[in-house]
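> I am attaching a structure below and will ask some questions about it afterwards.
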Amino acid sequence: GAGVSQSPSNKVTEKGKDVELRCDPISGHTALYWYRQSLGQGLEFLIYFQGNSAPDKSGLPSDRFSAERTGGSVSTLTIQRTQQEDSAVYLCASSLSFHETQYFGPGTRLLVL
Amino acid sequence: GENVEQHPSTLSVQEGDSAVIKCTYSDSASNYFPWYKQELGKRPQLIIDIRSNVGEKKDQRIAVTLNKTAKHFSLHITETQPEDSAVYFCAASILGYALNFGKGTSLLVTP
Numbered sequence: 001g002a003g004v005s006q007s008p009s010n011k012v013t014e015k016g017k018d019v020e021l022r023c024d025p026i027s028g029h030t031a032l033y034w035y036r037q038s039l040g041q042g043l044e045f046l047i048y049f050q051g052n053s054a055p056d057k058s059g060l061p062s063d064r065f066s067a068e069r070t071g072g073s074v075s076t077l078t079i080q081r082t083q084q085e086d087s088a089v090y091l092c093a094s095s096l097s098f099h100e101t102q103y104f105g106p107g108t109r110l111l112v113l
Numbered sequence: 001g002e003n004v005e006q007h008p009s010t011l012s013v014q015e016g017d018s019a020v021i022k023c024t025y026s027d028s029a030s031n032y033f034p035w036y037k038q039e040l041g042k043r044p045q046l047i048i049d050i051r052s053n054v055g056e057k058k059d060q061r062i063a064v065t066l067n068k069t070a071k072h073f074s075l076h077i078t079e080t081q082p083e084d085s086a087v088y089f090c091a092a093s094i095l096g097y098a099l100n101f102g103k104g105t106s107l108l109v110t111p
């Protein structure tokens, strides 16, 4: 079946602009996670959803970052007033349920000029 | 919070040799330890995982061992092949919560 998909695959924006990144989880997966991968670094947890609720927002780096999930499916990560340090690959993962294996999408490569 | 250390950061082996990557974690409550392989420009892909009620797990050429007392776990790849070349990430978590990743090991297998 189809894996996790993300769009856009690449995004170039100017400092100060807002961006929206989209994640489509595997059909039927109830848990969804966002991570950030900076160049040459490991993956940094941002936020996760169980259904439409986000019980753990502790990883969001600042109040410029927000995320929502609707219909228990698609999720959007929004970064307001982007900064150059926001440049990274943003990865989404989903799992069948809260306790299952996480499967990753291909990521959105964000470049803030 | 959980802190995962991964060593070495780079590893070069000859085809056919074994490769070992080691990770330590800090939170004794962690009970799930997956390993992901990431090829250049691709998504991370799960290659093997282990849960805390198991000490060792093997899948063909890949094995993972877990020592909960010492809070470390290792990935073993035997009979390495050039297509094993990639970045490998270990992670630790309390099952169902966020994965806490190591910084990765870049493995190069030379023919």
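Residue numbers (my numbering), protein chains in the order written: chain A, 1 to 113; chain B, 1 to 111. Cβ coordinates follow ideal geometry from the N, Cα and C atoms, glycine included.
1) Mind checking which residues open and close the beta strand (DSSP E) that includes Asp59(B)?
2) Could you tell me the alpha carbon to alpha carbon distance between Pro106(A) and Gln6(A), rounded to whole angstroms?
3) Would you say Ala123(B) lies against chain A (beta-carbon separation less than 7 Å)?
4) Suppose the cutoff is 6 Å on Cβ atoms and the five residues either side in sequence are ignored; what does the same chain contact list for Gly104(B) look like?
5) What residue does the beta strand (DSSP E) around Lys42(B) start on, and which one ends it?
6) Given a cut-off of 7 Å on the beta-carbon distance, is the pair Leu96(A) and Trp34(A) in contact?
7) Going straight from the alpha carbon of Ser75(A) to that of Ile62(B), what length do you get?
8) Starting from the C-beta of Pro44(B), find all residues in its chain whose C-beta is less than 8 Å away, skip the five residues before and the five after it, and write them out in chain order.
9) Start and end of the beta strand (DSSP E) containing Phe49(A)?
10) Where do the N-terminal and C-terminal ends of the beta strand (DSSP E) with Leu77(A) fall, by residue?
11) Does the count of Cβ pairs from the stretch 40-59 of chain B and the stretch 1-15 of chain B closer than 8 Å reach three?
12) DSSP state of Glu100(A), grouped into three classes?
13) Using a beta-carbon distance below 7 Å, is Phe73(B) in contact with chain A?
14) Whose C-alpha, out of His99(A), Phe45(A), Tyr90(A), Thr101(A), is nearest the C-alpha of Cys23(A)?
15) How many angstroms separate the CA atom of Pro8(A) from the CA atom of Gln84(A)?
16) For Ala88(A), I'd like the list of residues in its chain whose CB is within less than 7 Å of its CB, leaving aside the five on either flank, ordered along the chain.
17) Looking at the structure shown, is Pro106(A) part of a helix, part of a strand, or coil, going by DSSP?
18) Starting from Arg69(A), follow the beta strand (DSSP E) in both directions and report where the run begins and ends.
19) Name the chain A residues whose beta carbon is nearer than 8 Å to that of Phe89(B)?
20) Using alpha carbons as the reference points, say which of Lys57(A), Ser73(A), Phe65(A) lies closest to Val16(A).
21) So is His99(A) in contact with chain B if we call contact Cβ pairs under 7 Å?
22) Can you have a look at Val112(A) and say buried or exposed, based on whether 16 or more other CB atoms are within 10 angstroms of its CB?
23) Tell me whether Pro34(B) is buried or exposed, calling it buried when 16 or more other Cβ atoms sit within 10 Å of its Cβ.
In this structure, then:
1) 56-59 is the span of the beta strand (DSSP E), which, as asked, contains Asp59(B).
2) 7 Å
3) The question about residue 123(B) has no answer here: the residues shown for chain B are numbered 1 through 111.
4) Val87, Phe89
5) Per DSSP, Lys42(B) belongs to no beta strand (DSSP E) and is neither H nor E.
6) no
7) Whole-angstrom Cα-Cα distance: 34 Å.
8) Tyr36, Lys37, Gln38, Phe89
9) 43-50
10) 75-79 is the extent of the beta strand (DSSP E) around Leu77(A).
11) no
12) coil
13) no
14) Tyr90(A)
15) 18 Å
16) Arg36, Gln37, Ser38, Leu110
17) coil
18) Run containing Arg69(A): 65-69, per the beta strand (DSSP E) assignment.
19) Gly42, Leu43
20) The identity of residue 16(A) in the sequence shown is Gly, whereas the question assumes Val. Ranking Lys57(A), Ser73(A), Phe65(A) by Cα distance to Gly16(A) puts Phe65(A) first.
21) yes
22) buried
23) buried
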